[in-house]
Amino acid sequence: MFVLMEHHAIRSPRGWPRPPSAVPHGWLGRPPVGARVTVAGLVLVRQRPGTANGVIFITLEDETGIANVIVWRKTYERFRRAVVAGRALRVTGQLQRDSGVVQIVADTIEDISPMLDTLALPPQEG
1 MFVLMEHHAI RSPRGWPRPP SAVPHGWLGR PPVGARVTVA GLVLVRQRPG
51 TANGVIFITL EDETGIANVI VWRKTYERFR RAVVAGRALR VTGQLQRDSG
101 VVQIVADTIE DISPMLDTLA LPPQEG
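Residues in the sequence shown are numbered consecutively from 1, following UniProt numbering.
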């Protein structure tokens, strides 16, 4: 089955209501390694490989690109509900960069899925 999406869910005419302090994923090449960053976006993929000793890998997408997130077991235990059920997440953690691959090692994770509902609402006249 092939599905063509002409419009990205967070590229609505009203714009993505970027959560406070969240940086665009396309900007993640700028901060130095080790910087504390916050990103937000749609959850594209959650992976929990059997060989990863409880580590979970999450891929988030915003209107500028993707962000790879590493969730260690202790962090997962604290934010399990958001990691498992969130359709959109805000993640804060330490930036890593290796061979051009940028990752965020999560230390806080918040389910911001309710923000997606605002994209479906008609613009309010003011």
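A virtual CB, placed ideally from N, CA and C, is assigned to each residue, including glycine.
Secondary structure of A82 (DSSP, three-state): helix.
Inside the UniProt domain "OB" (37-112), DSSP marks whole beta strand (DSSP E) runs of 3 or more residues at positions 56-62, 65-71, 88-98 and 101-111, from first to last along the chain. If you draw a straight line from the Cα of W72 to the Cα of E63, it is about 26 Å long. In this structure, R46 lies away from Q94, with their beta-carbon atoms at least 8 Å apart. Assigned with DSSP and collapsed to three states, G29 falls in coil, not helix or strand. Around R48, the same chain offers I56 as residues with beta carbons nearer than 6 Å, after the five sequence neighbours per side are excluded.
Apart from the 5 residues on each side of it in sequence, T38 sits with its Cβ closer than 6 Å to the Cβ of S21, A22 and T92 in its chain, given in chain order. Here T51 has no same chain residue with a Cβ atom under 8 Å from its own Cβ, once five neighbours each way along the sequence are excluded.
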